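Student:
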Amino acid sequence: MVGLSFLSASFATLLLEIPSDLDLLVAALPLYGLMAAGFVIIGRTRSLAWTVTVLVAGVATILLLDLDALGGGTASTAAAAIVLGSGALPALIVCNLDAPARIITLSMGATLVLVATIITSSATVSPLEGLLSVVIGWSILTGVTVWLSVSISRALARIARLGRAHLAERHATQTEAQRRQGARLLHDTVLATLTLLAHSGVGVSPDALRAQASEDARLLRQLRLGGTPMPRSSGAYTLEATETSDLGHTLESVKQRFDRMGLTVSWHGAGRLLLPSDVLDAFLLSLAECLENVRRHSGVSNAEVTITQDDTTVRAMVTDTGVGFDLEQVDAAKLGLAESVVARIREVGGRTRLFSAPGSGTTVVLEVPKL
């Protein structure tokens, strides 16, 4: 754009010769057209061949103006040559300071332009004026190009650093997510089974306990071999991703699990949940963990679950009439509540509310968005 602007200014200055020197304009017009095409092509391809072409055409144009000046040309002829030599042609520097061959080419071209411009200006104006114009023009554009090159290099370096920092942060986030998933996995499976064993399986049939222990052993064995656990809506885990089925979209799998575990659950409200798969998994796994907490800690063997939904939200309210607890006395970082319920619901854009008091039972409200 800089080169084309100065080229246009030089040609406009030359038009002042009309009608006194129409032959000069006709002779110079093809050279100006060639330079204009060259600037456009160089801007797109950075072609060294076209850089040489523009330099040659520029020097030829200045020499053509020399002939006119020596033959009695006017000041506008010298002005056109000075604008061409000190503004248009130096613009080639912008695309040609990144390789020795280009720098050598520009240096040779600048020398020819300087000599030709001095000859032209000496015939009509001061030679010193032509010399200073060319030197200043080439120097300014060289300085601007170097500054731009350094600035762009620094910007690219900063972008690269930001990219590396982003990748490191993403890796750390993924590592933390994997750690939290592993903690949830152990809490929801192996630790639950070990807790049952520690209490001699009270309230759970021996067959259900053996089946759960066998499933946990299989899961750990495959994890050791490099498997990736995938949560199931029942609260268990599988090592392969499965297609969503009607069972996965209902509460039936959760009901069956806690029936086997000896917890009597009264279900109310919607029996089919139409949610995105990730939201549905988080909702049902959190619901299963709430019921597991009732079975382990409430001191009662029954619970109430009420499912409601509106246009934007699905809610589950899990209530028991057990021993309850003081909310202020519970560690907020306790794994079962913080990770398997609160964090899991929060990750899908939902929220968890907890109400309890000693001797008054516990109520947990889970809310997840439909979209």
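According to full-length UniProt numbering, the sequence shown is numbered sequentially starting from 1.
C-beta atoms are modelled at their ideal positions from N, C-alpha and C, and glycine is treated no differently.
No experiment lies behind these values; they were computed from the predicted model shown.
(1) Nearest to Val318 by alpha carbon, out of Val365, Gln309, Ala343 and Val330?
(2) Are the region 129-148 and the region 84-95 in contact at 8 Å, needing three or more beta carbon pairs?
(3) Tell me the residue span of the beta strand (DSSP E) that contains Pro369.
(4) Looking only at its own chain, which residues have a Cβ that is under 8 Å from the Cβ of Gly322, when we skip the five neighbours before and after it?
(5) What do you get for Glu292, buried or exposed, if any count of 16 or more other CB atoms within 10 angstroms of its CB means buried?
(6) Leaving out five residues before and five after Ala27 in sequence, what residues of the same chain have Cβ atoms less than 8 Å from its Cβ?
(7) Does the pairing of the region 8-16 with the region 37-56 give three or more beta-carbon distances under 8 Å?
(8) Pull up the DSSP beta-bridge partners for Asp259, would you.
(9) From Gln329 to Glu289, what distance separates their C-alpha atoms?
(10) For a test of the three-state rule: what should DSSP assign to Phe11, helix, strand or coil?
(11) How many whole angstroms separate the CB atoms of Val113 and Gly130, which I take to be in contact at a CB cut-off of 8 Å?
(12) Tell me whether the beta-carbon of Leu97 lies closer than 8 Å to the beta-carbon of Ile103.
(13) Determine the extent of the beta strand (DSSP E) in which Ile307 is found, giving its start and end residues.
(14) Can you list, in chain order, the residues of its chain with a C-beta nearer than 6 Å to that of Ser133? Leave out the 5 residues immediately preceding and following it.
(15) If contacts are defined as beta-carbon pairs under 8 Å, then Val314 and His268 qualify, I think. What distance do you get, rounded to the angstrom?
(16) Quick check on DSSP: helix, strand or coil for Val323?
(17) According to DSSP, simplified to helix, strand and coil, what is Ala116?
(18) Quick one: Cα of Ile136 to Cα of Phe6, how far?
(19) Taking the straight line between their C-alpha atoms, what separation do you get for Pro231 and Leu285?
(20) Using only the alpha-carbon positions, how far apart do Arg260 and Phe283 sit?
(21) Suppose you measure from the CA of Gly235 to the CA of Pro369; what does that come to, to the nearest Å?
(22) Checking 8 Å against the spacing of the C-beta atoms, do Ala116 and Ile62 come in under that value?
(23) Indicate the three-state DSSP secondary structure (helix, strand or coil) for Arg180 in the structure shown.
(24) Would you tell me roughly how many angstroms separate the C-alpha atoms of Gly3 and Ser153, rounded to the nearest one?
(25) Would you decide whether Met1 is buried or exposed? Buried here means 16 or more other CB atoms lie within 10 Å of its CB.
(26) Hey, how far is the Cα of Asp311 from the Cα of Leu275?
(27) State the Cα-Cα distance for the pair Arg180 and Leu156, rounded to the nearest angstrom.
(28) When we look at the beta-carbon of Thr308 and count the other beta-carbons within 10 Å, is it buried (16 or more) or exposed?
(29) In terms of residue numbering, what span does the beta strand (DSSP E) encompassing Arg351 cover?
(30) Rounded to whole angstroms, what is the Cα-Cα separation between Ile159 and Ala168?
(31) Taking 8 Å as the threshold (beta carbon to beta carbon), is Thr352 in contact with chain C?
(32) Closer than 6 Å by C-beta to Phe355: which residues in its own chain qualify, once you throw out the five before and the five after it? Chain order, please.
(33) Distance check for Leu263 and Glu253, CA to CA, integer angstroms please.
(34) DSSP puts Ala316 in a beta bridge; with which residues?
(35) So, with DSSP's three-state summary, where would you put Ser266?
Tutor: So, from the listed chains and residues:
(1) Residue mapping note: residue 318 aligns to position 318 of the sequence shown, counting from 1. Comparing Cα positions, the closest option is Val365.
(2) A contact exists between the region 129-148 and the region 84-95.
(3) As a position in the sequence shown, residue 369 is number 369, starting the count at 1. Per DSSP, Pro369 belongs to the beta strand (DSSP E) from Thr362 to Pro369.
(4) Translated into positions along the sequence shown, residue 322 becomes position 322. Excluding positions up to five away in sequence, the list reads Val294, His297, Ser298, Gly299, Val300, Gly361 and Thr362.
(5) Position 292 of the sequence shown holds residue 292. Here Glu292 is buried: its Cβ has 16 or more other Cβ atoms, across all protein chains shown, within 10 Å.
(6) Locating residue 27 in the sequence shown gives position 27, where the first residue counts as 1. Counting only Cβ-Cβ distances below 8 Å, and skipping sequence neighbours, we find Leu64.
(7) no
(8) The count along the sequence shown starts at 1 and reaches residue 259 at position 259. Paired residues: none, contrary to the question.
(9) Walking along the sequence shown from the start, residue 329 turns up at place 329. Walking along the sequence shown from the start, residue 289 turns up at place 289. Rounded to the nearest angstrom, the two C-alpha atoms are 20 Å apart.
(10) Stepping through the sequence shown from its first residue, residue 11 is reached at position 11. In the structure shown, Phe11 sits in a helix (DSSP, three-state: H, G or I).
(11) By one-based count along the sequence shown, residue 113 stands at place 113. By one-based count along the sequence shown, residue 130 stands at place 130. That belief does not hold up - the Cβ atoms of Val113 and Gly130 are roughly 10 Å apart, past 8 Å.
(12) Locating residue 97 in the sequence shown gives position 97, where the first residue counts as 1. Locating residue 103 in the sequence shown gives position 103, where the first residue counts as 1. If you check the CB distance, Leu97 and Ile103 come in under 8 Å.
(13) Position 307 of the sequence shown holds residue 307. Counting along the chain, the beta strand (DSSP E) containing Ile307 begins and ends at Asn302 to Gln309.
(14) Within the sequence shown, the letter at position 133 stands for residue 133. Contacts found: Ile82 and Ser86.
(15) For this step, residue 314 is matched to residue 314 along the sequence shown. For this step, residue 268 is matched to residue 268 along the sequence shown. 14 Å between Cβ atoms; not a contact.
(16) Taking the sequence shown and counting its residues from 1, one reaches residue 323 at position 323. Three-state DSSP puts Val323 in coil, outside helix and strand.
(17) Here residue 116 is taken as the residue at index 116 of the sequence shown, counted from 1. Helix.
(18) Counted from its first residue, the sequence shown places residue 136 at position 136. Counted from its first residue, the sequence shown places residue 6 at position 6. C-alpha separation (whole angstroms): 15 Å.
(19) Within the sequence shown, the letter at position 231 stands for residue 231. Within the sequence shown, the letter at position 285 stands for residue 285. Unreliable positioning characterises Pro231 in this predicted model, as indicated by a pLDDT of 49, which lies under 50. The coordinate reading is nonetheless provided below. Whole-angstrom Cα-Cα distance: 8 Å.
(20) Sequence index remark: in the sequence shown, residue 260 carries index 260 (1-based). Sequence index remark: in the sequence shown, residue 283 carries index 283 (1-based). In a straight line, the C-alpha of Arg260 is about 21 Å away from that of Phe283.
(21) Position 235 of the sequence shown, counting from 1, holds the residue named residue 235. Position 369 of the sequence shown, counting from 1, holds the residue named residue 369. The predicted position of Gly235 is uncertain, since its pLDDT is 46 and thus under 50; a value taken from the coordinates is nonetheless stated next. Rounded to whole angstroms, Gly235 to Pro369 spans 20 Å at the Cα level.
(22) Stepping through the sequence shown from its first residue, residue 116 is reached at position 116. Stepping through the sequence shown from its first residue, residue 62 is reached at position 62. Yes; because the gap between Cβ atoms is below 8 Å, this pair is in contact.
(23) Here residue 180 corresponds to residue number 180 of the sequence shown, with the count starting at 1. It is helical.
(24) Locating residue 3 in the sequence shown gives position 3, counting from the first residue. Locating residue 153 in the sequence shown gives position 153, counting from the first residue. Gly3 and Ser153: Cα-Cα distance of roughly 23 Å.
(25) One-based indexing of the sequence shown puts residue 1 at position 1. Looking at its Cβ environment, which holds fewer than 16 other Cβ atoms inside 10 Å, Met1 is exposed.
(26) Within the sequence shown, residue 311 is the residue found at index 311, counting from 1. Within the sequence shown, residue 275 is the residue found at index 275, counting from 1. Distance between the alpha carbons of Asp311 and Leu275 is about 12 Å.
(27) Locating residue 180 in the sequence shown gives position 180, where the first residue counts as 1. Locating residue 156 in the sequence shown gives position 156, where the first residue counts as 1. Using only the alpha carbons, I get a separation of about 36 Å.
(28) Your numbering for residue 308 matches position 308 in the sequence shown. By the neighbour-count rule (16 or more Cβ atoms within 10 Å), Thr308 is not buried but exposed.
(29) For the purposes of this step, residue 351 is taken as residue 351 along the sequence shown, with counting starting at 1. Counting along the chain, the beta strand (DSSP E) containing Arg351 begins and ends at Arg351 to Ser356.
(30) Looking up residue 159 in the sequence shown gives position 159. Looking up residue 168 in the sequence shown gives position 168. Near 14 Å, if we compare the C-alpha coordinates of Ala168 and Ile159.
(31) Of the protein chains in the structure, only one exists, and it is not chain C.
(32) By 1-based counting over the sequence shown, the position of residue 355 is 355. Cβ within range, chain order: Thr363.
(33) For the purposes of this step, residue 253 is identified with residue 253 of the sequence shown, where counting begins at 1. For the purposes of this step, residue 263 is identified with residue 263 of the sequence shown, where counting begins at 1. Residue identity differs from the one stated: residue 253 is Ser in this sequence, not Glu. Distance between Ser253 and Leu263, taken at the CA atoms: about 14 Å.
(34) For the purposes of this step, residue 316 is taken as residue 316 along the sequence shown, with counting starting at 1. In the DSSP output, where bridge partners are listed per residue, Ala316 has Ile307 and Leu366.
(35) To locate residue 266, count along the sequence shown from 1; it is residue 266. Here Ser266 sits in strand by DSSP.
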